[in-house]
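Enquirer: My questions all concern the structure below.
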Amino acid sequence: MKRSLLTKSLAIGLAATVAATLAPPATQAEAAEGDRSAFTLAVLPDTQFYSRYADSNFLPEYGTTPFHEQTAWIAENADELNIPFAVHVGDVVDVVGQESGWRAADESMQNLDDAGVPYAILAGNHDVRNASNSVVDTDYDLANEPFLDTFPVDRAEAHDTFGGADPTGLNRFSIFEAEDQQYLVLSLNWRVSDATLAWASDVLDAHSELPTIIASHDIISIQNDGVTGETSPNGERLWDALINDNDQVFLTLNGHYHGSAKVERQNAAGNTVTQILTDHQMAYEGGNGYMNLLEFDITNGEINVNTLSPWVVSKPEDKLTSYDTPVLTGANEQYSIPVDFESRFAGFTTVEPAQSDLSARAIEILTEGFNGAPESALAAAGNEHDYVQAEGTLAHWQLTGDAGEVAEGQLFDDLAGDSDLYREAIDASGSATAQPGNVTIVDSAQTYSPSQQAVCFNDSSRERFSYLTTAPDAAVNNADLSGGYTIETFLMLDDEWAADVNGWSKALTRSGNRSLIEGMPWSQWDYTASPAALGISNLREFQWTEIGEDATRGDKTNWSGEILTGTWSHVALVNDAETETTVMYVNGAPVLRTAQETFGMSFNEGMPWILGADWVDDAATNGWHGCIGETRIVDRPLEAAEWLTARPDVNAFSAEAAVDGDTVVLNGGGLPNAEIRVDDPSVAEQAEAVMAVQADARATVGDDGSWSAQLSAAQLAEGANAEGAVTLTLAQAFGERASEAVSVVVQVADAETPGDSDEPGDSDEPGDSDGPGESDPTAPTSDDAEADGDLPETGMSAGLPALIVAAAVLLAGFGLMRLRRVDS
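According to our numbering, the sequence shown is numbered sequentially starting from 89.
Structural data, given as structure tokens:
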């Protein structure tokens, strides 16, 4: 594994549609006309995290692993896609001494052995005991190399494509046949000796007539733009020793550097050598099962490269996320390479075209029946109050204010209590180079953040930093998180972020000194760092480091995949005391590398939480170069439905309504800080007075969940209909996000009834009266209600089900409520 950059199309936040990924590139579409002579080479990039987390993550969650699904799919489709050979480019496992990782790799590659699909496999830096650049294959203690235990030479010899191995057994060559033409594959160890290079040169000389592919773990790398490839130092050594002067070498394959890239170089004979890099380990779920299929289209003189994932299409639909795209079409992920095989290689064998478009067929097979992830239920917040109120919230900071510079001492209120943040004075910060303008409020935020503002820290480095801090006596400083916790924040790295300047900086820190915590064991790393911190590694991975409640267990960490600069991420850290795990979620998706055997959080009493810097050796250091948005700390593990990215149900509100003299009283329950509106545009045809009353009749739900509003019955009466009623509409809203409208009919005047008569026996319908002076002696009268001091009873309007017969009415859907006026 090389600590480098991930192709931008694989960043957290990727949500390309399935439809957009299913079309092959134009050159392949053109080549699809008619049959061709073609075959497919399968390439497996760094599988290290699939092996490492097979037992702890993938098998418990899915019952299988990405590595297993990759090789099973190759085996199943080898005949139809004409796959004569596969190549693994190294980093088979992540931890060379972890037996379970080798077992997972062994079982996965066994799929190819069982199906009779031959392959080359080589050792990457994670597959050898000593990966130092200065230690080469002939320096190894070969009897102590697990790679040779799991993939010994005799395992390779079982395939008839095996050609031979060097004395170490780590370097091998194979010859496979496709479309009546033989090809040589030379697979080399992570670091090779001069003796190995001499052996490899002899192999090339002995098979100079064969088109040759060289595979090794480290040949080309990728520049900081995440797209442009360049030759690595090790690759340059291989170029000089094996590639440049051997015109038969037309293609190289490697992994190691995060992302996808290609380089085309001219060899000594003036011919092009194409060099391909593929490594997806820093993507979702350690690579999300992506691999390459290279279609060798001999008829049309090109190699069509596709990047696809059998793992994605194997997942249950309810496990799919926006990252789960079966076919990638970004830069260096789907393209064509021109290769004129007949002119390049003398005596190259050609056969009659008999194959269909194998690239198109592979994508068709892969995506058949795949519907993609369910549509996201996330919605943008209507305003800054539009979030689920989480019980147990200890601190909640929305970093808002007038855009521009944040003054020293400027406060940011704690919405949950008294743990306000303020900008630490520069003189007290510990940074001699910090400037007032280094901290600003900006109108920028992640889409699903309730607050659409953030605080940005610019020109930050290890020496230059500023930060926000809680006061020494803030309640959250000594928060007991032994029952678990959820910490949420929104983060963005500045576009000018640089690993050598900003690597290992922190965004959120529970400051202190972990070495002073009772039971804390000595550690080579971060022994005097804070008890907990969220930051970014030199590889642009989010890292959460914590000392749990049981400090004797030491440091526990979570690591994300590679994070893009200039892009907002929602990060949720969820510690479950019962399962003793801390899971990091980035934009809703759990990261692969989770913290195990940890619950709660240790802390140094009285030490503040800070945003914007790290705290090591009892002092602030290493400032965050980027922006920090809304941040919340809760003393229990939350499900996603309670995160800041979730929206409360605006349809959940209730109302009580009554007419008391000249006042219409509305009150009820709702969501804290939501607005209850009485402003139905449908009453525009009524009197302007009614509109005026309604426009003023808005109430905000209090922290206790209650609200109230009063309207003038007299003014409303001016807009009453012939029956003396006015229709109002209630809605609960956060800004533009509002509930369904609920109509309420209020009786504010006497109905106009032509032909009213006081004569005994008169009625609208025969038989409605029991006769002169007769009435129901048990029925209450208006005077009875007034005498008891009660508001008039509420009844349902005619023609509606009598669901509620009381003053309290739950407003859901479009129920109508009629209020009878009582004169006083």
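The beta-carbon is built from N, C-alpha and C at its ideal position, and this holds for glycine as well.
Here the structure is a predicted model, which means the values were calculated and not measured.
1) According to DSSP, which residues form a beta bridge with Y423?
2) Output the boundary residues of the beta strand (DSSP E) element that contains R765.
3) So, do the segment 127-139 and the segment 375-393 have three or more beta carbon pairs nearer to each other than 8 Å?
4) Figure out for me which residue from A808, G823, V832, A821 has the closest Cα to the Cα of D840.
5) Just confirm the distance between the C-beta atoms of A595 and T577, as a whole number of angstroms; I'd bet it's less than 8 Å.
6) May I ask you to report which of helix, strand or coil DSSP gives F630?
7) If contacts are defined as beta-carbon pairs under 8 Å, then P446 and N170 qualify, I think. What distance do you get, rounded to the angstrom?
8) Rank T653, L652, G636 by C-alpha distance to the C-alpha of T645 and give the top, closest one.
9) Please report the Cβ distance between T682 and T670, rounded to the nearest whole angstrom; I am assuming they are in contact, meaning their Cβ atoms lie under 8 Å.
10) Considering only C-alpha positions, which residue in the set N526, V527, V543, T528 is nearest to Q534?
11) Under three-state DSSP, which class holds E195?
12) Could you give the first and the last residue of the continuous alpha helix (DSSP H) run that contains R325?
13) Starting from W278, trace the beta strand (DSSP E) in both directions and tell me its first and last residue.
14) If you count every other CB in all the chains shown that lies within 10 Å of the CB of R217, and 16 or more means buried, which is it?
15) Select from H214, V530, L556 the residue whose C-alpha is nearest the C-alpha of I514.
16) Check whether the Cβ atoms of A660 and W731 sit closer than 8 Å, and answer yes or no.
17) Give me the residue from D215, L132, G252, N213 with the minimum Cα distance to S196.
18) Out of V722, A203, E233, which has the shortest C-alpha to C-alpha gap to N213?
19) For the alpha helix (DSSP H) that contains H295, what are its first and last residues?
20) Does D664 come out as helix, strand or coil in the three-state DSSP assignment?
21) Report the three-state DSSP secondary structure of D568 (helix, strand or coil).
22) Please work out which residues of its chain come closer than 7 Å, Cβ to Cβ, to A478, disregarding the five sequence neighbours upstream and downstream, and give them in chain order.
23) When you compare the segment 484-504 with the segment 521-535, are there three or more beta-carbon pairs, one atom per stretch, that lie closer than 8 Å?
24) Out of A469, A288, R552, point me to the one whose CA is closest to I302's CA.
25) Suppose the cutoff is 8 Å on Cβ atoms and the five residues either side in sequence are ignored; what does the same chain contact list for N566 look like?
26) Specify whether the segment 324-331 and the segment 158-170 touch according to this definition: at least 3 beta carbon pairs, one from each stretch, less than 8 Å apart.
27) By how many angstroms is the C-alpha of T153 removed from the C-alpha of F261?
28) Alpha carbon to alpha carbon, what distance is there between Y411 and Q311?
29) Going by CA-CA distance only, name the one from L759, Y510, F173, S827 that's closest to E267.
30) Assuming A203 contacts A163 under a Cβ cut-off of 8 Å, what Cβ separation, rounded to an integer in Å, is found between them?
31) Just mark S537 as buried or exposed, buried being the case when its beta carbon has 16 or more other beta carbons within 10 Å.
32) Whole-angstrom Cβ separation of R825 and V738, contact assumed at under 8 Å?
33) So the candidates are F338, E718, L816; which of them puts its Cα closest to the Cα of S539?
34) By a C-beta neighbour count over all protein chains shown, 10 Å radius and 16 as the cutoff for buried, is N221 buried or exposed?
35) Tell me, please, whether the segment 741-760 touches the segment 784-803 by the rule of three or more beta-carbon pairs shorter than 8 Å.
36) Counting C-beta neighbours from all protein chains within 10 Å, is the total for G343 16 or more, i.e. buried, or is it exposed?
Expert: This is what the structure holds:
1) Position 335 of the sequence shown, counted from the start, is the residue given in the question as residue 423. Y423 pairs with V393.
2) As a position in the sequence shown, residue 765 is number 677, starting the count at 1. R765 -> beta strand (DSSP E) spans 763-766.
3) Verdict: yes, contact present.
4) The residue given as residue 840 occupies position 752 in the sequence shown. The sequence shown places Glu at residue 840, not Asp. The shortest C-alpha separation from E840 is found at A808.
5) Here residue 595 refers to the residue found at position 507 when the sequence shown is read from its first residue. Here residue 577 refers to the residue found at position 489 when the sequence shown is read from its first residue. Going by Cβ atoms, the distance from A595 to T577 rounds to 7 Å, so yes, they are a contact pair.
6) On the sequence shown, residue 630 is found 542 positions in, with the first residue counted as 1. Taken through DSSP and simplified to helix, strand or coil, F630 comes out as strand.
7) Here residue 446 refers to the residue found at position 358 when the sequence shown is read from its first residue. Here residue 170 refers to the residue found at position 82 when the sequence shown is read from its first residue. Before going on, a small fix: residue 446 reads as Leu here, not Pro. Their Cβ separation, rounded to whole angstroms, is 6 Å, which keeps L446 and N170 in contact under 8 Å.
8) For the purposes of this step, residue 645 is identified with residue 557 of the sequence shown, where counting begins at 1. The shortest C-alpha separation from T645 is found at G636.
9) Within the sequence shown, the letter at position 594 stands for residue 682. Within the sequence shown, the letter at position 582 stands for residue 670. Right, the Cβ-Cβ distance comes to about 7 Å (below 8 Å), so this counts as a contact.
10) Position 446 of the sequence shown, counting from 1, holds the residue named residue 534. Residue V543 is the option with its Cα nearest to Q534.
11) On the sequence shown, position 107 is the one that residue 195 refers to. In the structure shown, the three-state DSSP call for E195 is helix.
12) Looking up residue 325 in the sequence shown gives position 237. Looking at the DSSP string, the run of the alpha helix (DSSP H) that includes R325 is 321-326.
13) Sequence index remark: in the sequence shown, residue 278 carries index 190 (1-based). Careful: W278 lies outside any beta strand (DSSP E) and carries neither H nor E.
14) Numbered from 1 along the sequence shown, position 129 holds the residue referred to as residue 217. Exposed: under 16 other Cβ atoms inside 10 Å.
15) Your numbering for residue 514 matches position 426 in the sequence shown. The option with the nearest alpha carbon to I514 is L556.
16) As a position in the sequence shown, residue 660 is number 572, starting the count at 1. As a position in the sequence shown, residue 731 is number 643, starting the count at 1. Yes, the Cβ-Cβ distance between A660 and W731 is below 8 Å.
17) Within the sequence shown, numbered from 1, the residue matching residue 196 stands at position 108. Nearest C-alpha to S196: L132.
18) For this step, residue 213 is matched to residue 125 along the sequence shown. Out of V722, A203, E233, E233 has the C-alpha closest to the C-alpha of N213.
19) Locating residue 295 in the sequence shown gives position 207, where the first residue counts as 1. Neither: H295 is in no alpha helix (DSSP H) and is coded neither H nor E.
20) Within the sequence shown, the letter at position 576 stands for residue 664. DSSP places D664 in strand when its eight states are reduced to three.
21) The residue given as residue 568 occupies position 480 in the sequence shown. It is coil, neither helix nor strand.
22) Position 390 of the sequence shown, counted from the first residue, corresponds to residue 478. Once the five neighbours on either side are set aside, the close Cβ partners of A478 are V722, L726, E730.
23) yes
24) Indexing the sequence shown from 1 puts residue 302 at position 214. Selection A469, A288, R552 evaluated against I302 yields A288 as nearest (Cα-Cα).
25) Counting from one through the sequence shown, the residue named residue 566 turns up at place 478. Excluding sequence positions up to five before and after N566, its CB lies within less than 8 Å of the CB of F691, E693, G694, all in the same chain and listed in chain order.
26) Flag = no, the segment 324-331 and the segment 158-170 do not touch.
27) Counting from one through the sequence shown, the residue named residue 261 turns up at place 173. Counting from one through the sequence shown, the residue named residue 153 turns up at place 65. Distance between the alpha carbons of F261 and T153 is about 28 Å.
28) In the sequence shown, the residue the question calls residue 311 occupies position 223. In the sequence shown, the residue the question calls residue 411 occupies position 323. Roughly 24 Å between the two C-alpha positions.
29) Within the sequence shown, numbered from 1, the residue matching residue 267 stands at position 179. It is F173.
30) As a working mapping, residue 203 is identified with position 115 in the sequence shown. As a working mapping, residue 163 is identified with position 75 in the sequence shown. Right, their Cβ atoms sit about 3 Å apart.
31) Within the sequence shown, residue 537 is the residue found at index 449, counting from 1. Buried.
32) Here residue 825 is taken as the residue at index 737 of the sequence shown, counted from 1. Here residue 738 is taken as the residue at index 650 of the sequence shown, counted from 1. Indeed they touch by this definition, with Cβ atoms about 6 Å apart.
33) Taking the first residue of the sequence shown as position 1, residue 539 is located at position 451. Here the closest residue by C-alpha is E718.
34) As a first step, residue 221 is located in the sequence shown; it is residue number 133 there, counting from the start. Per the 10 Å Cβ criterion, exposed.
35) yes
36) Against the sequence shown, residue 343 aligns to sequence position 255. Label assigned to G343: buried.
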